[in-house]
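Using our numbering, the first residue of the sequence shown is number 32, and each one after it goes up by one. Virtual Cβ for every residue (Gly too), placed ideally from N, Cα, C. Just so we're clear, the structure is a prediction, and the values are computed from it rather than from any experiment.
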Amino acid sequence: MLRDLRQFTLVPTLLLTVALMAAALVACFGDDDDDEGTGAGATSVSTPVASAPAPSEPLQVVASTGILAHFAEQIAGEHAEVVALIPPGADVHSFSTSAADIRKIDDADVVIVNGFNLEESILGTIFEHLPGSATLIVAAKGIEPLEGGHHHDHGHGHEDEDDHAHEDDDDHGHEDDHAEVMAPEGAELAVADGDPHMWLTVKNAMVYVQNIADGLAAADPDNAAEYRQRAEAYLAELQALDEEVHAAISQIPQDHRVLIVYHDAFQYFAVEYGLELAAAVLPGNPSQQASAAAVAEIIEIVAGRHVGAVYREPQFPADALEAIAEEAGVEVLVLYSGAFAGEVDTYVELMRANAQALVEGLADE
Numbered sequence: 032m033l034r035d036l037r038q039f040t041l042v043p044t045l046l047l048t049v050a051l052m053a054a055a056l057v058a059c060f061g062d063d064d065d066d067e068g069t070g071a072g073a074t075s076v077s078t079p080v081a082s083a084p085a086p087s088e089p090l091q092v093v094a095s096t097g098i099l100a101h102f103a104e105q106i107a108g109e110h111a112e113v114v115a116l117i118p119p120g121a122d123v124h125s126f127s128t129s130a131a132d133i134r135k136i137d138d139a140d141v142v143i144v145n146g147f148n149l150e151e152s153i154l155g156t157i158f159e160h161l162p163g164s165a166t167l168i169v170a171a172k173g174i175e176p177l178e179g180g181h182h183h184d185h186g187h188g189h190e191d192e193d194d195h196a197h198e199d200d201d202d203h204g205h206e207d208d209h210a211e212v213m214a215p216e217g218a219e220l221a222v223a224d225g226d227p228h229m230w231l232t233v234k235n236a237m238v239y240v241q242n243i244a245d246g247l248a249a250a251d252p253d254n255a256a257e258y259r260q261r262a263e264a265y266l267a268e269l270q271a272l273d274e275e276v277h278a279a280i281s282q283i284p285q286d287h288r289v290l291i292v293y294h295d296a297f298q299y300f301a302v303e304y305g306l307e308l309a310a311a312v313l314p315g316n317p318s319q320q321a322s323a324a325a326v327a328e329i330i331e332i333v334a335g336r337h338v339g340a341v342y343r344e345p346q347f348p349a350d351a352l353e354a355i356a357e358e359a360g361v362e363v364l365v366l367y368s369g370a371f372a373g374e375v376d377t378y379v380e381l382m383r384a385n386a387q388a389l390v391e392g393l394a395d396e
């Protein structure tokens, strides 16, 4: 009887064990099904992890000058790789592109030029190699030009009148035909007449910044909001800079505001900040040599006016100005026109240094 009771007790136990094992197996396989569907462990067990969208490639931006490249960098930030074609210390009016420069243009998403024929020696190359899908930004768009400031002969004198005239009939005739087909939107303003040195007032530089921001936003709509936000911040900085430059120049007595420079890049600066641009050693082509007559004339101007200093530019030779200064008994100081050199690495530093140099050279009674 006891053995029979043990048998009856064992049977339910075995049945219970089998049932529990079966339930465990069902639960296990059921969890796998859930995991493959909408279960909490889906990501870690069997569903592949969705990769984050790949970051967009940065815009390839080619600017003709360091100033324009600098403005573009302030606006674009990490969204663009910006290069300048014309290196510091080179004459922007007569620079020649290399094969490496042409490759940069070929690969560009955006090309920025000043306008008003500043980069006259390379504009044809830019127009020829600018990709059809690229954006051309003319930074000086919307600024009313003053007359002057062009240097068509690049220091070649009579050669330009004869040989280049012949080239215009032959080689350049072919280029003109090509340019008629390939010239991008904005090309007409890029080669327009007028003094191109517009960035040397802060107000004009602010127009440049707005034009560059608009062009980058059009070329890269996904980041347009950030471009505009960065531009607004930079414009606020430039507004403060403009007030600072005006305040500095106001320290110079009115009859001392006589500016003598190496070449005529400072016409806009003089008009905006209330100086008289009395003379330029080379008002035409800065690559030429100053004549003895021009030097003698400037010495007379210095002697007859309240001129405490004459001003050279780092990218040009200073021999003529040094001769003038020695004869007239004045200093030779530096004004920066476009190339970042020496102690200036930004546009703000450039304009601040120019204002300080003018106060140093001209403010003393």
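- With a threshold of 16 other beta carbon atoms within 10 Å, S95 meets it and is buried.
- DSSP places E307 in the uninterrupted beta strand (DSSP E) bounded by 307 to 313.
- Cβ neighbours of R259 within its own chain (closer than 7 Å, five residues either side excluded): A244, A248.
- A262 is not a Cβ neighbour of L90, given a cutoff of 8 Å.
- For A115 and I329, the gap between their C-alpha atoms comes out near 35 Å.
- The C-beta separation of V240 from Y265 comes to about 6 Å, placing the pair in contact by the 8 Å criterion.
- Between L231 and A296 the beta-carbon gap is near 7 Å, inside 8 Å, which marks them as a contact.
- A279 sits away from V361, with the two beta carbons spaced by 8 Å or more.
- Boundaries around V292 are those of the beta strand (DSSP E), 289 to 294, since no alpha helix (DSSP H) includes it.
- Looking at P345, S127, A321, E268, the one whose alpha-carbon comes closest to that of L154 is S127.
- V333 and A359 have their C-alpha atoms roughly 7 Å apart.
- Here DSSP, grouped into helix, strand and coil, assigns R336 to coil.
- Counting only the Cα atoms, V141 lies some 18 Å from P118.
- In the pairwise beta carbon analysis, the segment 129 to 144 is classified as touching the segment 95 to 105: at least three pairs are separated by under 8 Å.
- Closest by C-alpha distance to G305, out of I291, A223, Q285, H160, is Q285.
- The distance from the Cβ of R343 to that of V365 is about 6 Å, consistent with a contact at the 8 Å cut-off.
- Per the C-alpha coordinates, the member of Y293, K172, A100 positioned closest to A111 is A100.
- Sequence-distant Cβ neighbours of P215 in its own chain, meaning closer than 7 Å and more than five residues away, are F158, L161, L167.
- Excluding residues up to 5 positions away in sequence, H337, L393 lie with their Cβ nearer than 6 Å to the Cβ of H287 in the same chain.
- Looking at G120, N385, D138, S87, the one whose alpha-carbon comes closest to that of L272 is N385.
- Within the same chain, Y304 come within 7 Å of H277 by CB-CB distance, once the 5 residues on both sides are set aside.
- As the crow flies, the alpha-carbon of G373 is around 10 Å from that of Y367.
- Straight through space, the alpha carbons of Q105 and E268 are spaced by roughly 11 Å.
- Around the Cβ of E274, a 10 Å sphere holds fewer than 16 other Cβ atoms; the residue is exposed.
- By the neighbour-count criterion, in which a residue is buried when 16 or more other Cβ atoms sit within 10 angstroms of its Cβ, E178 is exposed.
- Bounds of any alpha helix (DSSP H) do not take in L231, whose DSSP letter is neither H nor E.
- Contact check for V123 against I174 fails: the beta carbons are separated by 8 Å or more.
- If you look at T156, you'll find it in the alpha helix (DSSP H) that goes 154 to 160.
- Exclusion of the five residues before and after Q282 leaves V390, A394 as the residues of its chain whose Cβ lies within less than 7 Å of its Cβ.
- In the three-state reduction of the DSSP assignment, Y304 falls in the helix class, which pools H, G and I.
- The alpha-carbon of A309 is positioned some 20 Å away from that of P345.
- An exposed status is given to E353, since fewer than 16 other beta-carbon atoms sit within 10 Å of its beta-carbon.
- Scanning its chain for C-beta atoms nearer than 6 Å, with the 5 sequence neighbours on each side dropped, one finds around G217 the residues L167, V169, in chain order.
- A311 has its alpha-carbon roughly 10 Å from the corresponding atom of A321.
- The Cβ atoms of F147 and A223 sit closer than 8 Å to each other.
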